[in-house]
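Encoded as structure tokens, the structure appears first; notes follow it.
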Amino acid sequence: MMENVHLTRVHNPQTLIHTIHYCLSIFLGRHSMPKEGSPARPIKLIILDSIGVIFRADLEQLKQSSAKFRMTERAAEMNQVADGLKVLADQYRLTVVVVNQVSDVMAPPSFSSELALPRPHNTIVGHPSQPGSLGSAAILFPLFPLSPA
């Protein structure tokens with residue numbers, strides 16, 4: 001199954017934009033029409049995981065005074081990412097899934113006598129400030145179609 005999955009990592013917004021606008025276009029072009037007799041299938045799904053990590057990490061590195069200006073740039077970069085993914089989805093007839101954060105509850109449940117709602121999934125995994133964090137976004141390229149053609 002994993003032979004049908006391609007993975008790349010990006011560590012900053014500029015690399016993500018370059019990957020989407022240039023590298024992905026070439027990659028999808030090569031895989032959109034598999035050669036006759038080849039077991040490869042066209043790519044039908046792109047998953048962009050933890051997109052918020054690279055934008056937040058990039059912003060946290062700046063001093064407070066330049067953070068406001070950088071937020072305007074960051075919004076423009078996010079629009080470039082969204083526009084690029086939409087063009088690829090339309091051009092290659094594929095589905096794009098963008099996930100902001102992967103999260104999970106990491107602490108054991110507390111045993112209190114108070115009635116409470118179930119604990120929400122609110123612990124961020126992959127944030128640059130957490131130990132063992134990757135601090136990067138991953139793009140997965142499955143080669144299998146979502147439904148039979």
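Residue numbers (the UniProt record's numbering): 1 to 149. Note that beta-carbon positions come from the ideal geometry of N, C-alpha and C, so glycine has one too. Given the structure is predicted, the values throughout are model-derived calculations rather than measurements.
The criterion of a C-beta distance shorter than 8 Å is satisfied by isoleucine 47 and valine 97. Isoleucine 26 sits away from valine 81, with the two beta carbons spaced by 8 Å or more. Apart from sequence neighbours up to five positions away, the residues of its chain that approach serine 32 with a beta-carbon distance below 6 Å are Pro42 and Tyr92, ordered along the chain. Bounds of the beta strand (DSSP E) holding leucine 48 are 45-49. Per the DSSP secondary-structure output, valine 99 pairs in a beta bridge with Asp49. Look at arginine 30 here: in three-state DSSP terms it is helix.
Shown here, histidine 21 sits in a helix according to DSSP, grouped into three states. In the three-state reduction of the DSSP assignment, leucine 7 falls in the strand class, which pools E and B.
The straight-line gap separating the alpha-carbon atoms of tyrosine 22 and glutamate 36 is approximately 26 Å. DSSP, read as helix, strand or coil, puts arginine 93 in coil.
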